[in-house]
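The structure appears below as structure tokens.
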Amino acid sequence: FGSSHFGSSADQCVVQPLSDFVIPRLEMATPLGLALVVAAGCQRAAAFEIVPGVQSLRHVSSVAKGAGDRFTNAQEPGRFAGASAPTGLGLAGAVAAATAVLGATVRRACRRPVVGGNWKCNPESMKALDGLVANINACDTSKCDVYVCPSPLHVAYCADKFTNNALVTPQNCNFKGCGAFTGEMAVEQMKDMGISQVLIGHSERRGEFGILPMDDNTTLATKLKYILDAGMTCVFCIGEPKEIREKGLDAVLAEMDAQMTQIYSLLDPEKIIIAYEPVWAIGTGLTATPEDAQATHAGIRKLIAEKASPAVADGIRIQYGGSANAANAAELSAQPDVDGFLVGGASLKPEFAEIVAAISKAK
């Protein structure tokens, strides 16, 4: 804990933000280890408070807490509070409570935010590319990963243009490699250009907006395995059309389950980003409310926990991809299960850097 500690007597109290000693020292302490220290400090008939809103723990003497104490629950609502007695049962309760909250905090902190810019079939002229590249290079990537999806004709030009570690991420690939595959791109070609990541499964490739379907759940699962076997990483898009959204969250999550059923066994937080796109919000100016986005992201994470593993669910990053822009990025970034954005139209504008800044600040 460094300078943070709990006193040996019940009336000592030390308050430290978790960000001061947990996040920088993840390599030194597990959530359970931290919980045990917290519990030990609480065992001597002491009360404790866990304050999720500011990511801090408060250890307060049960004797000192009272009507005049400024740390009482009545004055600071929304806290998880409890007391332990000097018994094994008290210790176990403290361990369970502290583990749950600390574990959730640490897992969220481990998911580095990520923002992608999908330029789709833009721009019309090569002359405009330098300006778009400059927008991306203006992003502060010290606290957020950034990737860009140029149109296929522009990938080679952009491949070595980014100076802030932004990753060029082509919008599609095949699952056969090089050969007689007209109109396709192979991951072997991408790797030769120094490209290490590719996006697949975008709704426009799945057949939305009247475009001929180029992919389905089976071809995408095949592509994902091919990408991973080639040693590359992948942004895997999922999402629902308006008619499913209108049936409610259960119908949305049933569709997300169908789109992920063939890839649960392949999911790896180090190699895959999930980009959730409410199809009805793409390019329409509509966007889910922050609450709706959070509910859907949490539901997707729950599916992954149940059908892949809790560890995969905790670690995998889930982006929101429904008309994210500088105006709504801060509110959406505040949601605990929104780990970033896949940005369409706004990625062609200078405001893209503001989106990156918003989620960097929130996370």
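Under my numbering, the first residue of the sequence shown is numbered 40, with each subsequent residue one higher. Beta carbons: idealized from backbone N, C-alpha and C, even for Gly.
DSSP, read as helix, strand or coil, puts residue 379 in strand.
For residue 284, the enclosing alpha helix (DSSP H) covers residues 281-284. Each of 316, 210, 279 was checked against the Cα of residue 193, and the nearest Cα belongs to 210.
DSSP, reduced to helix, strand and coil, places residue 169 within a helical segment of the structure shown. Counting of Cβ neighbours within 10 angstroms places residue 169 among the exposed residues, the total staying below 16.
Excluding sequence positions up to five before and after residue 276, its CB lies within less than 6 Å of the CB of 240, 241, 314, 316, all in the same chain and listed in chain order. In this structure, 287 is the residue among 297, 307, 287, 236 with its C-alpha nearest to the C-alpha of residue 332. Secondary-structure assignment with DSSP links residue 276 through a beta bridge to 314. Nearest neighbour of residue 175 by Cα position, chosen from 166, 392, 327, turns out to be 392. Residue 356: member of the beta strand (DSSP E) spanning 356-359, first to last residue. Here residue 326 is buried: its Cβ has 16 or more other Cβ atoms, across all protein chains shown, within 10 Å. If you check the CB distance, residue 294 and residue 283 come in under 8 Å. Segment contact: the segment 378-396 against the segment 152-172, three or more CB-CB distances shorter than 8 Å; contact assigned. A direct Cα-Cα distance of roughly 17 Å separates residue 296 from residue 353.
Shortest Cα-Cα distance from residue 255 to any of 264, 244, 265 involves 244. In summary, residue 246 is exposed, with fewer than 16 beta-carbon neighbours lying within 10 Å of its beta-carbon over all protein chains present.
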